[in-house]
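*Asks:* The sequence shown begins at 104 in my numbering and counts up one residue at a time.
Ideal Cβ placement from N, Cα and C applies to all residues, glycine included.
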Amino acid sequence: MCLLVLQHSNSIITKCFANKQQIKSKLFHLFSVWYGVIFIRSGTYGGGVFRFTLTLPEKFPDDTVPTITFTSQMFHPAIDAVTGILSLSEVFPQWDRKQNHIWQILKYLHWIFHNLNMKVPANNEASTLYKTNRKLFIDKVKESIANSNEHIYDEPPTEDKHYITFKPYDANVHDSAKNMMLKVPGGNESSHGISWVQSGSYQSFSKDDTA
């Protein structure tokens, strides 16, 4: 990082400006690319573990709609079979910073695995099979589930430390953490966190902390 620039040296100024642009680019990438994994517990895609990335446009939130790209192999009417991009045009034809939020995209991502009728499908083959040959459709879905789950422990394709990785279950390592998560909280334990959200609501501070 450039902390001091001598005005008489154009080469130093140019170099520092280039460094600033590089830092800006790296910072933008840090905040613009989110790695995610969704676990489907029931329904047609039940048992599937699918990786995806959420990418924010450069001028977000004053720009186009963010992009959800599945890096796992997917067979779904709303997901392009070649690019893995989830079509968001039905719910977000344009992005309105006053009304649209990232959590709504994630909610839609969850919704599509239980609602497969798309008005404008991104994968015509998947959409047609879902309507005309449900058995073959389910067979292809099972193939994509098996393929995705087979690669769940693969090495990260990126050096980004925020990429979500998994290791096979090791009782010596994971049992203590599992038992802690399954522990029933006592009556004297209170809620923690900045945002208090009532069950079934998506509005922050909707829960009465005095109840």
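Do you know offhand how far F163's Cα is from K222's?
*Replies:* 27 Å
*Asks:* In three-state terms, what does DSSP make of L155?
*Replies:* The question names Leu, but residue 155 in the sequence shown is Phe. Here F155 sits in strand by DSSP.
*Asks:* Check whether the stretch 266 to 286 and the stretch 179 to 188 are in contact - that is, three or more C-beta pairs closer than 8 Å.
*Replies:* Contact fails: fewer than three Cβ-Cβ distances are below 8 Å.
*Asks:* Which runs of the beta strand (DSSP E) spanning at least 3 residues fall entirely within the stretch 140 to 184, listed in chain order?
*Replies:* Complete beta strand (DSSP E) runs here, min 3: 152 to 158 and 170 to 173.
*Asks:* Tell me which same chain residues have a C-beta within less than 8 Å of the C-beta of D273, skipping the five on either side of it?
*Replies:* Within the same chain, D273 has no close Cβ partners at all.
*Asks:* DSSP three-state label for W198, please.
*Replies:* coil
*Asks:* Please classify I248 as buried or exposed, where buried requires at least 16 other C-beta atoms within 10 Å of its C-beta.
*Replies:* Classification for I248: buried.
*Asks:* Measuring alpha carbon to alpha carbon, tell me which of R154, F134 and S135 ends up nearest I143.
*Replies:* R154
*Asks:* How about F173 and K243: do their beta carbons lie closer than 7 Å?
*Replies:* no
*Asks:* In chain order, what residues of the same chain lie with their CB nearer than 7 Å to the CB of T167, ignoring the 5 residues before and after it?
*Replies:* For T167, where only same-chain residues beyond five positions count, the Cβ hits under 7 Å are P160 and W198.
*Asks:* Name the DSSP beta bridge partners of W137, please?
*Replies:* L157
*Asks:* Going by DSSP in three states, I208 sits in which element: helix, strand or coil?
*Replies:* helix
*Asks:* Given that a residue counts as buried once 16 or more other Cβ atoms are within 10 Å of its Cβ, and exposed if not, what is S192?
*Replies:* Under this definition S192 is an exposed residue.
*Asks:* On the DSSP bridge assignment, give the partners of L191 in chain order.
*Replies:* Beta-bridge pairing links L191 to no other residue.
*Asks:* Exposed or buried, which one is F240 when buried takes at least 16 other CB atoms within 10 Å?
*Replies:* buried
*Asks:* For N250, which residues from the same chain have a beta carbon less than 7 Å from its beta carbon, with the 5 sequence-adjacent residues on both sides left out?
*Replies:* Excluding residues within five positions, the ones whose Cβ falls inside 7 Å are Q176.
*Asks:* Report the residue from A229, E246, I208 and V287 whose alpha carbon sits nearest the alpha carbon of T158.
*Replies:* For the options A229, E246, I208 and V287, the alpha carbon positioned closest to that of T158 is the one of I208.
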